[in-house]
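Notes for the one structure printed next.
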Amino acid sequence: MIAEVIVDVPAQQTDRPFDYRVPEKWSGMIQEGMRVTVPFGPRKLLGFVVKLKESSEFKSLKNISGLLDMEPALNEELLELGHWLADETMCFKISAFQAMLPAAMKAKYEKQIRLTRGMVVSDLLPELQPLFQKTGTMKWDDAQNNELLPLVKKEMDRGALELSIKVSNKGNVKKEKFIKPLLDKEGLITQLGEISKTAKNQRCIIEYFLENPIESPLSKVLKDTGLSGYSVIKPLVNKGILHVQERESYRDHYEQHEFQADAVLPLTEEQRGAMGPIERAVEEKRNETFLLYGVTGSGKTEIYLQSIKRIVDEGKEAIVLVPEISLTPMMVTRFKRRFGNLVAVLHSGLSTGEKYDEWRKIQRGEVKVVVGARSAVFAPFKNIGLIIIDEEHEGSYKQEEMPRYHARDVALKRASYHHCPVILGSATPSLETFARAKRDVYTLLTLKSRVNQRALPEVSIVDMREEMRGGNRSMFSELLFEKLKERVEKGEQSVLMLNRRGHSSFVMCRNCGLVVTCPNCDVSMTFHRVQSQMKCHYCGLEEGVPNVCPDCGSDHIRYFGTGTQKVEEELGKLMPHARVIRMDVDTTSRKGAHEALLKRFEDGQADILLGTQMIAKGLDFPKVTLVGVLSADTMLHLPDFRSSERTFQLLTQVSGRAGRHELPGEVVIQTYTPEHYSIQLASEQDYEGFFMREMFLRKQNDYPPYYYIALLTVSHEDVLKAMDTADKITTYIKRHVSPSTVVFGPSASPMSRINNRYRYQCLLKYKREPNLAVILKKLNETYGRNAAQSGLQLSIDVNPFIMM
DNA sequence: AGCACGCCGACT
DNA sequence: GTCGGCGTGCTC
């Protein structure tokens with residue numbers, strides 16, 4: 000038998016199957032989708048079997064050298080999905096396959112030295128013999144560190160030793176010892192009498208099993224008895240008193256938490272109205288896409304939960320995608336309470352091992368529901384009954400690295416394979432989605448009212464230019480400051496949002512106007528107060544703050560703009576009594592910090608929660624009655640056609656944070672452009688008004704959803720090379736596309752230089768471009784080919800989410 | 001991506 | 001004469 004293998008080399012020239020012979024001993028075991036190790040040139044690599052066949056065109060085949068899986072890592076559906084993903088996003092097949100699996104299943108390559116076949120340990124130099132005694136191999140690094148390489152070299156020249164590469168899983172399966180008594184109560188008591196009085200620890204263990212005569216994990220036994228190490232147990236096992244068995248176990252991130260089952264909430268009339276069509280689609284196994292369009296607080300999650308319940312009762316599985324930042328303990332708790340241990344959770348807070356274990360639970364069918372961020376869309380379920388994408392409009396569903404996929408597209412693809420419905424949920428759907436719902440491509444389900452009948456909060460817009468003219472130079476308008484003070488006095492909570500981290504956004508010389516910019520990226524650097532450092536948010540460069548202007552030598556250096564740190568500082572001055580929690584990338588980077596801060600706020604340990612966008616999503620605190628947006632326009636003027644849409648969505652989302660419970664809520668939006676439609680309409684919570692307005696503009700400018708777009712970015716350390724190549728690419732495209740396609744460029748990218756690489760781009764807008772795949776593939780081949788040598792990088796993003 | 005092969009410059 | 005620079009091309 001012959002296997003076609005995609006090898007673990009992400010390069011243009013190796014992005015095709017290579018044929019290998021399957022050794023006789025594995026012919027019954029090997030299956031498509033399994034990971035294997037294969038010799039590739041002088042190396043040994045991981046590869047995926049994509050096809051099994053009887054014969055090969057190729058004459059001198061090598062053998063597959065090892066199996067890494069007992070079950071296919073990718074089942075038939077996922078294997079096919081991988082090919083589709085590679086085609087669709089223009090990425091290498093190997094990258095597509097790896098993206099669908101947990102990082103733990105990537106290859107770990109270890110150089111090692113091994114005894115040549117036919118050699119025995121005693122043939123070696125005496126110094127080396129003990130090292131090879133056990134396994135006949137040793138790690139290359141160990142040999143190097145212990146200065147053994149000269150000896151090893153000698154033996155290698157003689158042919159006694161040889162170099163080999165060990166290929167293994169990056170992550171490993173956790174094994175745990177389980178201990179149980181082999182004797183009954185009587186027997187244990189007898190043994191207790193026979194053990195010497197000095198063996199205190201052994202007696203302690205026996206006494207433990209007298210009280211708990213059941214099998215327990217070793218870790219539990221040790222913890223309960225306060226002893227440490229297996230060495231205490233071993234003699235008892237040897238005497239035949241205890242029995243030990245090593246078994247696989249799962250690392251459980253939520254081990255410490257207990258989740259009490261909760262009751263199914265009664266649905267409102269409106270919710271039931273939305274449930275009906277979903278239930279019917281589920282019943283009829285119809286591949287229908289729903290847009291569940293409901294204001295914040297309208298009870299979308301309960302609809303998800305009850306739809307999933309039906310699926311699970313029928314023995315089918317469900318995938319729920321949630322944006323990374325909304326995957327809060329609150330959200331997890333809600334699912335765990337309803338579905339207990341039938342839920343797997345996948346998010347970035349888990350360790351590699353924990354993610355691997357959740358994946359294995361899914362693959363083995365031990366769980367029926369997955370709640371997770373973007374990559375959970377690849378959950379290896381075999382019988383999917385429903386896929387849900389919450390906060391459908393969120394940008395985090397689009398992966399910005401190599402397989403540049405959108406989870407929504409993958410979900411729709413998988414749903415069509417499984418003949419199951421998809422629910423897209425949002426209070427502010429993306430224009431693309433809402434347009435499709437209006438054209439009946441998706442079924443629109445609307446939830447107009449909040450579950451508890453709470454009115455939407457009252458929103459005030461403050462014109463900061465007026466404030467400025469009125470002599471208020473602080474970052475708080477009078478209105479916001481008054482309201483904030485009032486809340487603090489009343490003991491109610493407020494949320495303040497500013498979508499910028501750091502202290503001030505930039506540092507400028509007032510004498511010559513120089514702005515401190517990153518030497519690698521041509522973007523202004525951000526001042527961070529705590530470390531008293533300038534940071535580049537794109538390449539991560541950190542530098543000290545200049546005392547004098549590096550250009551003109553003037554000491555009139557001033558900090559401009561406002562960051563979360565500066566707001567915190569000013570709040571401290573203006574309202575010394577208010578307790579503030581600041582939440583941004585800097586205070587939440589430590590694992591678990593995010594949760595801890597929110598918990599503190601929830602427990603009422605602070606009056607004000609100050610943060611960046613991350614506080615805008617999904618949080619639900621009963622005591623929050625005021626939401627302040629310090630500067631609504633920060634993201635409005637970015638060179639991206641979606642900036643209005645994103646501003647509208649963000650403002651609508653934060654506004655929804657206020658007054659979700661008994662107390663009525665208020666929102667204050669500060670802005671320098673109060674007349675802008677996305678700010679006006681967000682304050683009125685008028686999604687449909689915004690939709691109409693924005694659609695008109697998109698139509699005028701040939702943007703999605705009227706046109707599809709593809710963005711090609713060329714980067715090179717040399718400006719001329721980058722410009723020149725972008726020019727050639729643009730010319731090529733112009734010559735080959737159909738007349739209805741519009742090609743822009745080449746132009747400097749809005750981020751003209753990142754990490755010392757100059758960036759030029761070319762943009763295409765098209766309605767139907769039958770040649771697109773061929774053209775892009777061709778470009779990828781010609782310019783991606785010698786990427787390493789020429790230093791040129793070409794990135795192709797079909798349907799980009801961020802234009803920069 | 002690695003790694004070998006291979007063809008031209010400055011050295012024991 | 002050789003060691004070593006990195007251009008070119010191959011890996012079943």
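With the first letter of the first sequence counted as 1, position 727 gets the number 726 in numbering that gives the first Met the number 0; the numbers rise by one all the way through.
Just so you know, even glycine gets a beta-carbon here, dropped at the ideal spot from N, CA and C.
Computed from a prediction, not measured in an experiment: that's the story for all the values here.
- Message: Using CA atoms only, rank isn't needed, just tell me which of Val773, Val713 and Glu768 is closest to aspartate 726.
- Response: Locating residue 726 in the first sequence gives position 727, counting from the first residue. Aspartate 726 has its Cα closest to that of Val713, out of Val773, Val713 and Glu768.
- Task: Decide if threonine 189 is buried, meaning its Cβ has at least 16 other Cβ atoms within 10 Å, or exposed.
- Result: The residue given as residue 189 occupies position 190 in the first sequence. So threonine 189 ends up on the exposed side.
- Message: Measuring straight from C-alpha to C-alpha, what distance separates leucine 235 and asparagine 211?
- Response: What you label residue 235 is simply residue 236 of the first sequence in a count that begins at 1. What you label residue 211 is simply residue 212 of the first sequence in a count that begins at 1. The straight-line gap from Cα to Cα measures roughly 16 Å.
- Task: State the DSSP-derived secondary structure class of glutamate 365, mapped to helix, strand or coil.
- Result: Stepping through the first sequence from its first residue, residue 365 is reached at position 366. In this structure, glutamate 365 counts as coil in the three-state DSSP scheme.
- Alpha carbon to alpha carbon, how far is serine 739 from threonine 88? Give it in angstroms, no decimals. Indexing the first sequence from 1 puts residue 88 at position 89. Indexing the first sequence from 1 puts residue 739 at position 740. If I take the Cα positions, the gap works out to 22 Å.
- Message: Counting beta carbon pairs with one atom in the region 285–300 and one in the region 403–420, are three or more of them shorter than 8 Å?
- Response: As far as the Cβ criterion goes, the region 403–420 touches the region 285–300, which means the pair count is three or higher.
- Query: From this set, Thr672, Asp462, Lys766 and Tyr782, which residue's C-alpha is nearest lysine 698's C-alpha?
  - Reply: For the purposes of this step, residue 698 is taken as residue 699 along the first sequence, with counting starting at 1. When each option's Cα is compared against that of lysine 698, the closest is Lys766.
- Query: What number of angstroms, rounded off, separates the C-alpha of aspartate 86 from the C-alpha of lysine 776?
  - Reply: Residue mapping note: residue 86 aligns to position 87 of the first sequence, counting from 1. Residue mapping note: residue 776 aligns to position 777 of the first sequence, counting from 1. About 9 Å.
- Rounded to a whole number of angstroms, what is the C-alpha to C-alpha distance between methionine 467 and proline 549? Numbered from its first residue, the first sequence carries residue 467 at position 468. Numbered from its first residue, the first sequence carries residue 549 at position 550. In a straight line, the C-alpha of methionine 467 is about 31 Å away from that of proline 549.
- Query: Alpha carbon to alpha carbon, how far is glutamate 193 from leucine 181?
  - Reply: Translated into positions along the first sequence, residue 193 becomes position 194. Translated into positions along the first sequence, residue 181 becomes position 182. Distance between the alpha carbons of glutamate 193 and leucine 181: 16 Å.
- Query: Can you tell which of Phe338, Tyr404, Glu316 and Gly352 has the C-alpha that lies nearest to the C-alpha of glycine 364?
  - Reply: Taking the first residue of the first sequence as 1, we reach residue 364 at position 365. The residue with the shortest Cα to Cα distance from glycine 364 is Glu316.
- Query: Do serine 325 and glutamate 390 come within 9 Å of each other at the CB atom, strictly closer than that value?
  - Reply: Position 391 of the first sequence, counted from the start, is the residue given in the question as residue 390. Position 326 of the first sequence, counted from the start, is the residue given in the question as residue 325. Yes, these two residues count as a Cβ contact at 9 Å.
- Query: Nearest-angstrom Cα distance between aspartate 583 and histidine 576?
  - Reply: Taking the first residue of the first sequence as 1, we reach residue 583 at position 584. Taking the first residue of the first sequence as 1, we reach residue 576 at position 577. Spanning the two alpha carbons is a distance of roughly 22 Å.
- Simplified DSSP assignment, three categories, for asparagine 340: Position 341 of the first sequence, counting from 1, holds the residue named residue 340. Assigned with DSSP and collapsed to three states, asparagine 340 falls in helix.
- Message: On the CB-based measure, 16 or more other CB atoms within 10 Å of its CB, does aspartate 14 come out buried or exposed?
- Response: The residue you call residue 14 lines up with position 15 of the first sequence. It is buried - the Cβ of aspartate 14 has at least 16 other Cβ atoms within 10 Å.
- Task: Indicate whether tyrosine 229 and lysine 173 have their beta-carbon atoms separated by less than 9 Å.
- Result: Within the first sequence, numbered from 1, the residue matching residue 229 stands at position 230. Within the first sequence, numbered from 1, the residue matching residue 173 stands at position 174. Result no, Cβ atoms of tyrosine 229 and lysine 173 do not sit closer than 9 Å.
- Message: Restricting to Cα atoms, I'd like to know which of Met463, Arg449, Ile318 and Lys437 is closest to arginine 407.
- Response: For the purposes of this step, residue 407 is identified with residue 408 of the first sequence, where counting begins at 1. Each of Met463, Arg449, Ile318 and Lys437 was checked against the Cα of arginine 407, and the nearest Cα belongs to Ile318.
- Message: Tell me which residues share the same chain as glutamate 357 and place their Cβ nearer than 6 Å to its Cβ, disregarding the 5 neighbours each side in the sequence.
- Response: Here residue 357 refers to the residue found at position 358 when the first sequence is read from its first residue. Result list for glutamate 357: Ala343 and Leu345, in chain order.
- Taking the DSSP output, what are the residues bridged to methionine 137? Here residue 137 corresponds to residue number 138 of the first sequence, with the count starting at 1. Answer is Ile112, bridged to methionine 137.
- In the structure shown, what three-state DSSP assignment does asparagine 62 receive? By 1-based counting over the first sequence, the position of residue 62 is 63. In the structure shown, asparagine 62 sits in a strand (DSSP, three-state: E or B).
- Coil, strand or helix - phenylalanine 91 by DSSP: Translated into positions along the first sequence, residue 91 becomes position 92. Coil, per DSSP.
- Check whether the Cβ atoms of leucine 497 and glycine 610 lie closer than 9 Å to each other. Counted from its first residue, the first sequence places residue 497 at position 498. Counted from its first residue, the first sequence places residue 610 at position 611. Yes, these two residues count as a Cβ contact at 9 Å.
- Task: Evaluate contact between the region 94–104 and the region 143–154, counting only Cβ atoms and requiring at least three cross-stretch pairs below 8 Å.
- Result: no
- Task: Give every residue of the same chain whose Cβ lies closer than 8 Å to the Cβ of arginine 758, excluding the five residues on either side of it in the sequence, and list them in chain order.
- Result: The sequence position of residue 758 within the first sequence is 759, counting from 1. Result list for arginine 758: Thr712, Val713, Ser714, Ala721, Ala747, Ser748, Met750, Ser751 and Arg752, in chain order.
- Message: Using only CA atoms, which one of Ile614, Val311, Leu51 and Ile728 lies nearest to glutamate 31?
- Response: Counted from its first residue, the first sequence places residue 31 at position 32. With distances taken between Cα atoms, glutamate 31 lies closest to Leu51.
- Considering only C-alpha positions, which residue in the set Glu568, Arg528, Phe289 and Ser642 is nearest to methionine 802? If you number the first sequence from 1, residue 802 lands on position 803. That would be Ser642, whose Cα lies nearest to the Cα of methionine 802.
- State yes or no: is the C-beta of alanine 615 within less than 9 Å of the C-beta of valine 653? Working through the first sequence from its first residue, we reach residue 615 at position 616. Working through the first sequence from its first residue, we reach residue 653 at position 654. Against a cut-off of 9 Å, the Cβ pair of valine 653 and alanine 615 comes out as a contact.
- Which same chain residues, not among the five before or five after methionine 33, have their C-beta less than 6 Å away from its C-beta? In the first sequence, counting from the first residue as 1, residue 33 sits at position 34. For methionine 33, where only same-chain residues beyond five positions count, the Cβ hits under 6 Å are Val48, Asp68 and Pro71.
- Query: Taking the alpha carbon of tyrosine 705 as the point to measure from, which residue in Lys764, Ile678 and His675 has its own alpha carbon closest?
  - Reply: Taking the first residue of the first sequence as 1, we reach residue 705 at position 706. The shortest CA-to-CA distance from tyrosine 705 to any of Lys764, Ile678 and His675 is the one to Lys764.
- Message: Can you list, in chain order, the residues of its chain with a C-beta nearer than 7 Å to that of leucine 443? Leave out the 5 residues immediately preceding and following it.
- Response: Walking along the first sequence from the start, residue 443 turns up at place 444. If we look at leucine 443 and ignore the five residues flanking it on each side, its Cβ neighbours are Leu290, Tyr292 and Ala436.
- According to DSSP, which residues form a beta bridge with valine 370? Position 371 of the first sequence, counting from 1, holds the residue named residue 370. Answer by DSSP bridge pairing, in chain order: Val319 and Val344.
- Query: Can you tell me whether DSSP reads arginine 157 as helix, strand or coil?
  - Reply: The residue labelled residue 157 in the question sits at position 158 within the first sequence. Reduced to three states, the DSSP call for arginine 157 is helix.
- Item | Identified DSSP bridge partners for glutamine 30 | As a position in the first sequence, residue 30 is number 31, starting the count at 1. Note: glutamine 30 sits in no beta bridge, so no partner.
- Message: Taking the alpha helix (DSSP H) that leucine 217 belongs to, which residues open and close that run?
- Response: By one-based count along the first sequence, residue 217 stands at place 218. Leucine 217 -> alpha helix (DSSP H) spans 217–224.
- Message: Let me check one thing: in DSSP terms, what residues is phenylalanine 17 bridge-paired to?
- Response: Against the first sequence, residue 17 aligns to sequence position 18. Paired residue(s): Val4.
- Item | Coil, strand or helix - alanine 406 by DSSP | Position 407 of the first sequence, counting from 1, holds the residue named residue 406. It is helical.
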